[in-house]
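Residue -18 is where the sequence shown starts when you use the numbering used here, and the numbers rise one by one after that. Glycine included, every Cβ here is placed at the ideal spot set by N, Cα and C. Please read these numbers as outputs of a predicted model, since none were measured by experiment. Take a look at the structure set out below.
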Amino acid sequence: MSKISITNRELDYGISADSVFWVANGILTKDQLRQSRDEEMVADLLAYMISDEPVASRTELFDDYYGATFPMTTNSKARFDAIDQAIRKRSPELVDLDYQRVQDALALLLSQAKATFAGLIFPNGNGGNPVPRYFQAVFLALHDLIVKKSMVVSNSAGLISRLTDCGKSIDIQDGGRWGAENRSKTVDSVVGWIQAFFEDDKNPDPAKVHWVTKFQNLLTNSMTEQAAYDFKQGFYTLNTTPSFDDASFDKIMETCAAIANIGKGHKGYVLVGVAENAQTAARVEKIFGVQPLSFGGFYITGVDHEAKYVGRNLDQLFQDITERVGRSALSEPLKSYVNSHVKCVQYYDKTVFVFEILGQNNPSHWGGKWPERQGPQVKEVPADRMGALFERFK
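And the structure:
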């Protein structure tokens, strides 16, 4: 747990509070982060996103949303039932994706603007004060346009220009409570300012997500669930003259079987386009001239440079990889599952291949071997432990 705990600069482990999205963007302070105000922020945003009518922002409502108010009153039960039904109506999966779509759109915008959120809307400074309600106003306006109105950004430069120094024009209610009506008016006003930089999405997809947020979550989760995750810098060797690394690809397939053998229904991932360490990332940069992106101690190299090196586009590389999975020695039905769930995802300007694995009803094998995960290592199950392997799937 020390690897994913929020820590301070003086400690050489954990996640630095200064690097967390909320603090890095001036939305919350480090003390507020330690008080779980980020969790309250997300709950507050989701309640507004899924409700048919605007809802107020008040800390005392959070227990109602989670059904944790004691004793439960008529009003608190009504709020819990309303939130529960709203989530069920939209489905938890789509509510999750709705949030990620908006978060990713904002993350990409800030990356292009080369600014923090607070620095964008208050370029001349805001006295160092956190800006949670300003963030809510912009986030919910983006949600209205991207999710409710099925629109996409058509002019990111114009949108950045419009949001620059807009904080002084956003009407935020002071005090501990933010009334539903005032909150709604503020969101609507931001929608009005920025809508001209959006256009109708010609190919609307309710499950569309850019994988910035989700990918970072996978990387973070891998710190505490090492057995369920593995990383490869790419599909090609890092020799002076790179070539497709058949041995590494076989290892990926074997790892898929090993992760599946953790247990029935257990999910895991192999991420290709993420260097195992700084030395490997440096080697990728030297061979291909590609500078990696870093996040939480990981180095995201992507595989775009490999497709370019062999004169292919990403669709052709994807087709090649799926065909190789189909020809692999991975056992069924795991092979069909992996082949139908492999994804080619975008993380900022890097493309990463995500192999999703799910433990089947019975143990899986690769080329006659029955592998399993022992921490981050893949080991073949010896004959005297085969019975224990099959016991996991009863």
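- Collapsing the DSSP output to three states places Glu313 in coil.
- For secondary structure counted as the alpha helix (DSSP H) over 4 or more consecutive residues, the region -1 to 38 holds these complete runs in sequence order: 2 to 5, 11 to 15, 18 to 31.
- Boundaries cannot be given for Cys147, as no beta strand (DSSP E) includes it and DSSP labels it neither H nor E.
- The three-state reading of DSSP puts Glu180 in strand, counting E and B together.
- Closest in alpha carbon position to Ala263, among Lys232, Leu295, Gln214, is Gln214.
- DSSP places Gln327 in the uninterrupted beta strand (DSSP E) bounded by 324 to 328.
- Taking the Cβ atoms as the reference, Cys237 lies roughly 5 Å from Ile338, within the contact range of under 8 Å.
- Pairing Glu20 with Arg164, the inter-Cα distance amounts to about 19 Å.
- Fully contained in the region 40 to 71 are the following alpha helix (DSSP H) runs of length 4 or more, in chain order: 43 to 46, 55 to 71.
- Annotation: the continuous alpha helix (DSSP H) that includes Arg264 extends over 259 to 269.
- Per the DSSP secondary-structure output, Val359 pairs in a beta bridge with Arg354.
- Boundaries for Lys195: no beta strand (DSSP E) harbours it, while the alpha helix (DSSP H) harbouring it runs 193 to 203, taken from the DSSP string.
- Put simply, of Thr54, Ser32, Thr332 the residue whose alpha carbon is nearest the alpha carbon of Ile64 is Ser32.
- Taken in chain order, the unbroken stretches of alpha helix (DSSP H) that lie wholly in the region 69 to 115 and span 4 residues or more are 73 to 94, 98 to 102.
- For Ile281, the enclosing beta strand (DSSP E) covers residues 279 to 281.
- Counting the other Cβ atoms within 10 Å of the Cβ of Lys129 gives fewer than 16, which makes it exposed.
- In its chain, beyond the 5 residues on either side, Leu339 have a beta carbon closer than 6 Å to the beta carbon of Lys248.
- Gly356 is classed as exposed because its beta carbon has fewer than 16 other beta carbons within 10 Å across all chains shown.
- Going by beta carbons, Val193 and Asp85 fall inside the 7 Å limit.
- Looking only at Glu353, Cys325, Gln341, the smallest Cα-Cα distance to Ser317 is reached by Gln341.
- By the neighbour-count criterion, in which a residue is buried when 16 or more other Cβ atoms sit within 10 angstroms of its Cβ, Asp285 is buried.
- Contact check for Asp25 against Ser17 fails: the beta carbons are separated by 7 Å or more.
- At a Cβ-Cβ threshold of 7 Å, Phe178 and Leu126 do not count as neighbours.
- Cβ-Cβ distances below 7 Å link Phe230 to Phe216, Arg305 in the same chain, with the five nearest sequence neighbours on each side left out; the list follows chain order.
- Per the C-alpha coordinates, the member of His346, Tyr29, Gly368 positioned closest to Val359 is His346.
- The continuous alpha helix (DSSP H) containing Ile240 extends over residues 227 to 241.
- By the criterion of a C-beta distance shorter than 8 Å, Val4 is surrounded in its chain by Ala(-2), Thr10, Lys11, Leu14, once the five residues flanking it on both sides are discounted.
- Shown here, Ser224 sits in coil according to DSSP, grouped into three states, outside any helix or strand.
- Closest by C-alpha distance to Thr167, out of Val271, Asn202, Ala122, is Ala122.
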